[in-house]
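K.L.:
Take this structure, written in structure tokens, and hold onto it; I'll ask about it next.
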Amino acid sequence: ISAQSPYYKDFLAKKDASEYHDLFIRYKDFWEGGEPTDAQVDAIYKRKPRAPYVDAQFADGTTEKVWCTFDEEQIDINVESDTAKRFIANNLQTLAKHGASIIRLDAFAYATKKAGTSCFFLEPEVWNLLQQCTEVLEPYHVEILPEIHEHYTMPMKIAEQGYYVYDF
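Throughout, our numbering is defined as the position within the sequence shown, counted from one, plus 759.
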């Protein structure tokens with residue numbers, strides 16, 4: 760989600776009082792002890808040679824690390840939270856109601872996270888998330904296009920599950 764979005768800005772303004780406080784992956788909640796070990800950072804599949812976070816600057820003057828896979832303007836969402844599930848469903852439904860016939864899920868393989876893993880294309884979590892999206896879109900007859908830029912065997916796994924495959 761954009762760091763300029765009203766959701767993230769509300770989180771920065773209100774912190775734990777924000778209705779979106781669980782929409783984001785906060786290091787303090789994700790990692791045991793609040794910080795990953797060097798080995799855990801090394802295990803993460805990442806496009807940048809750094810730990811995936813941005814320092815969130817809250818209105819109360821505090822700072823906290825929030826998961827950020829790509830750059831500081833693209834904040835990852837916690838797809839396991841109820842807030843994120845509603846957010847995803849609402850956005851998918853809005854696109855479908857505006858006539859979308861196929862919706863690309865950009866950088867989909869980075870969506871699911873679990874401490875101690877690569878945080879990339881985690882199974883079965885990735886399939887659970889795809890199923891959630893599919894169920895939201897079924898009444899609208901909208902197809903999902905999960906984008907994954909990786910070795911061809913990963914997109915083939917997606918195809919084997921009956922989804923279209925997209926790699927840029």
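Glycine included, C-beta positions come from ideal geometry on N, C-alpha and C. Just so you know, these numbers come straight off a predicted model, no measurement behind them.
Please state the DSSP three-state secondary structure of PRO905.
P.N.:
On the sequence shown, residue 905 is found 146 positions in, with the first residue counted as 1. Correct three-state label for PRO905: strand.
K.L.:
I need the DSSP call for ARG806, collapsed to helix, strand or coil.
P.N.:
The sequence position of residue 806 within the sequence shown is 47, counting from 1. Coil.
K.L.:
May I ask which residues mark the beginning and end of the beta strand (DSSP E) holding GLU823?
P.N.:
Here residue 823 refers to the residue found at position 64 of the sequence shown. Counting along the chain, the beta strand (DSSP E) containing GLU823 begins and ends at 822 to 826.
K.L.:
Measure the Cβ-Cβ separation of VAL825 and ALA810 and say whether it is below 8 angstroms.
P.N.:
Translated into positions along the sequence shown, residue 825 becomes position 66. Translated into positions along the sequence shown, residue 810 becomes position 51. Contact flag unset, no.
K.L.:
Among GLU839, LEU854 and TYR804, which has the Cα closest to the Cα of PHE783?
P.N.:
Here residue 783 corresponds to residue number 24 of the sequence shown, with the count starting at 1. That would be GLU839, whose Cα lies nearest to the Cα of PHE783.
K.L.:
What's the C-alpha gap between PHE829 and LYS873?
P.N.:
Residue mapping note: residue 829 aligns to position 70 of the sequence shown, counting from 1. Residue mapping note: residue 873 aligns to position 114 of the sequence shown, counting from 1. So the two alpha carbons sit approximately 17 angstroms from each other.
K.L.:
Rounded to the nearest angstrom, how far is the Cβ of SER777 from that of ASP769, given a contact under 8 angstroms?
P.N.:
As a working note, residue 777 is residue 18 in the sequence shown. As a working note, residue 769 is residue 10 in the sequence shown. So it is a contact: roughly 5 angstroms between Cβ atoms.
K.L.:
Which residues share a DSSP beta bridge with PHE783?
P.N.:
Here residue 783 refers to the residue found at position 24 when the sequence shown is read from its first residue. PHE783 is bridged to ILE836.
K.L.:
When you compare each of ASP835, LYS787, ARG806 and THR796 to GLN763 by their alpha carbons, which one comes out closest?
P.N.:
Stepping through the sequence shown from its first residue, residue 763 is reached at position 4. Here the closest residue by C-alpha is ASP835.
K.L.:
Please identify the residue among GLN920, LEU904 and TYR766 whose C-alpha is closest to the C-alpha of TRP886.
P.N.:
Residue 886 sits at position 127 when you count from the first residue of the sequence shown. Of GLN920, LEU904 and TYR766, the residue nearest in Cα terms is GLN920.
K.L.:
List the DSSP bridge partners of ILE862.
P.N.:
Within the sequence shown, numbered from 1, the residue matching residue 862 stands at position 103. In DSSP, ILE862 forms a bridge with ILE903.
K.L.:
Report yes or no: is there a C-beta of chain D within less than 8 angstroms of the C-beta of ASP835?
P.N.:
Looking for chain D here will not work: only one protein chain is present.
K.L.:
Return yes when the Cβ of LEU889 is within less than 8 angstroms of the Cβ of GLU903, no when it is not.
P.N.:
Position 144 of the sequence shown, counted from the start, is the residue given in the question as residue 903. Position 130 of the sequence shown, counted from the start, is the residue given in the question as residue 889. The amino acid occupying residue 903 in the given sequence is Ile; Glu does not appear at that position. Their beta carbons are under 8 angstroms apart, which means ILE903 touches LEU889 by this criterion.
K.L.:
What first and last residue would you give for the alpha helix (DSSP H) that runs through TYR923?
P.N.:
For the purposes of this step, residue 923 is identified with residue 164 of the sequence shown, where counting begins at 1. Neither: TYR923 is in no alpha helix (DSSP H) and is coded neither H nor E.
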